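Before any comments, here is the structure.
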Ligand code: SF4
């Protein structure tokens, strides 16, 4: 899987980091860094949570 973020939609809420801190990091300024763009399958549940709960629907998963 590969994580894709729409930077125009992301508003730095940090929900993704709360759901999957191994994959997402959001700075105090609200800038999102994807720590792992192709996370291991074990992380799929938390990544799916992050995608589902992102308030601006900025995240999606693409399958390799
Ligand atoms: S939860 Fe969504 S809007 Fe918030 S930082 Fe993550 S991707 Fe951006």
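Numbering (this note's numbering), first residue to last: 67 to 130.
Cβ coordinates follow ideal geometry from the N, Cα and C atoms, glycine included.
In this text the structure is predicted, and so the values were computed from the model without any measurement.
**Asked** Going by DSSP, what residues sit across from residue 99 in a beta bridge?
**Response** 91
**Asked** Cβ of residue 83 within 8 Å of any heavy atom in the ligand SF4?
**Response** yes
**Item:** Cα-Cα separation, residue 78 to residue 106
**Value:** 24 Å
**Asked** Of the choices 69, 73, 111, 115, whose alpha-carbon is the least far from that of residue 97?
**Response** 73
**Request:** Can you check DSSP and say which residues form a bridge with residue 125?
**Result:** 71
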